[in-house]
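Asks: First residue of the sequence shown: 0, per numbering that gives the first Met the number 0; consecutive thereafter. The C-beta atom is built at its ideal place from N, Cα and C for all residues, glycine as well. From a predicted model like this one, the values you see are computed outputs, not experimental measurements. The structure that follows is given in the form of structure tokens.
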Amino acid sequence: MSDTVRIISVVILVALAFFCFQVGIFLCSGHKIRENSRRTLVLIEIVTGFLLAFDALAYIFRGNPGAVGYYMVRTSNFLVFFLNYAAAFCFYSCEFIKSDLLDFKGTSKNCNF
Numbered sequence: 000m001s002d003t004v005r006i007i008s009v010v011i012l013v014a015l016a017f018f019c020f021q022v023g024i025f026l027c028s029g030h031k032i033r034e035n036s037r038r039t040l041v042l043i044e045i046v047t048g049f050l051l052a053f054d055a056l057a058y059i060f061r062g063n064p065g066a067v068g069y070y071m072v073r074t075s076n077f078l079v080f081f082l083n084y085a086a087a088f089c090f091y092s093c094e095f096i097k098s099d100l101l102d103f104k105g106t107s108k109n110c111n112f
């Protein structure tokens with residue numbers, strides 16, 4: 000990968016991370032969405048911003064000889080995969096289960112527990 004492509008990739012990742020943080024902050028002042036949905040959306044935006052920032056750090060330190068580069072790439076990659084799981088699975092699944100689309104009240108009446 001040439002240096003120009005690497006610099007453009009890092010700049011785009013940092014710009015998108017800044018945009019996600021900015022959207023998360025602006026969503027805090029919104030009043031049209033339900034409270035739980037807004038909180039989940041703000042958390043997803045913040046986590047996505049961190050995901051993009053750590054991905055940019057992994058690009059920056061990639062190929063850097065030394066202990067700092069080695070540990071920074073490993074830590075950044077781990078956080079990218081962990082935050083991807085947190086944003087995609089945990090927040091989205093929890094919001095979907097708490098939503099009105101799944102009504103567990105009717106199923107619990109039929110059970111004799």
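CA-CA distance, LEU12 and ASP54?
Replies: Rounded to whole angstroms, LEU12 to ASP54 spans 7 Å at the Cα level.
Asks: Which residue spans inside the segment 37-70 form an unbroken alpha helix (DSSP H) run of at least 4?
Replies: As far as the segment 37-70 is concerned, it has no whole alpha helix (DSSP H) run of at least 4 residues.
Asks: Using a 10 Å radius around the Cβ and a threshold of 16 neighbouring Cβ atoms, would you call THR39 buried or exposed?
Replies: By the 10 Å Cβ count, THR39 comes out buried.
Asks: Just to confirm, is the Cβ distance from PHE90 to LEU50 under 7 Å?
Replies: No, the pair does not count as a contact, with Cβ atoms beyond the cut-off.
Asks: Do VAL46 and ALA85 have their C-beta atoms closer together than 7 Å?
Replies: Taking 7 Å as the Cβ cut-off, VAL46 and ALA85 qualify as a contacting pair.
Asks: Within 10 angstroms of its Cβ, does SER75 collect 16 or more other Cβ (buried), or is it exposed?
Replies: So SER75 ends up on the buried side.
Asks: From ILE6 to PHE77, what does the alpha carbon distance come to, in whole angstroms?
Replies: One C-alpha to the other measures close to 22 Å.
Asks: Apart from the five residues on each side of it in sequence, which residues of its chain come closer than 6 Å, Cβ to Cβ, to GLY23?
Replies: These residues qualify, in order along the chain: VAL41, GLU44, ILE45.
Asks: Starting from ALA87, trace the alpha helix (DSSP H) both ways and give me its first and last residue.
Replies: Looking at the DSSP string, ALA87 is not in any alpha helix (DSSP H), and its letter there is neither H nor E.
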